[in-house]
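Undergrad: The structure's right below; bear with me while I get my questions together.
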Amino acid sequence: MSHENYQKVIDALHECMEACNHCYDACLQEDDINPMAQCIRLDRECADICSYLEQALVRGTPFAAQLANVCAEICEACGNECKKHNHDHCQKCAEACFKCADACKSIA
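The opening residue of the sequence shown carries number -2 in my numbering; numbering runs sequentially from there.
If you want it as structure tokens, here you go:
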């Protein structure tokens, strides 16, 4: 399938990747990063899979559904972790993660 057919998913993936990268960096700046360890870890996982899936969709991967399924699972895990933290960057990241998970499910 042409990547144009996936444009809404591609946009959500890019937005999520940016939000996770921002959250990752902001979490590292918190006074006490120990409680943020899982958030930081999942931010990295989520940003990486979103970036990979975005690239894969643009180049027309035949594994779109399988990759989107994995991406949705990681986005939900990251969103669930981020929503536990009251930091604005975590809340915005959670929102982007859940939006991306829904977009990925539409092609999974």
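Ideal Cβ placement from N, Cα and C applies to all residues, glycine included.
Being a predicted model, the structure only gives us computed values, none of them experimental.
Pull up the CB-CB distance for Cys17 and Ile37, whole angstroms please, since I reckon it's below 8 Å.
TA: As a working note, residue 17 is residue 20 in the sequence shown. As a working note, residue 37 is residue 40 in the sequence shown. Cys17 to Ile37, Cβ: 10 Å. No contact.
Undergrad: For Cys68, I'd like the list of residues in its chain whose CB is within less than 7 Å of its CB, leaving aside the five on either flank, ordered along the chain.
TA: Walking along the sequence shown from the start, residue 68 turns up at place 71. Same-chain partners within the cutoff: Ile46, Cys47, Leu50 and Cys101.
Undergrad: Does the count of Cβ pairs from the stretch 52 to 66 and the stretch 88 to 95 closer than 8 Å reach three?
TA: No: the two stretches stay apart, fewer than three of their Cβ pairs being nearer than 8 Å.
Undergrad: Taking Asp8 as the reference, give the member of Thr58, Cys72 and Cys97 with the closest Cα.
TA: In the sequence shown, counting from the first residue as 1, residue 8 sits at position 11. Closest by alpha carbon: Cys97.
Undergrad: According to DSSP, simplified to helix, strand and coil, what is Glu1?
TA: Sequence index remark: in the sequence shown, residue 1 carries index 4 (1-based). Of the three classes helix, strand and coil, the one that applies to Glu1 here is helix, per DSSP.
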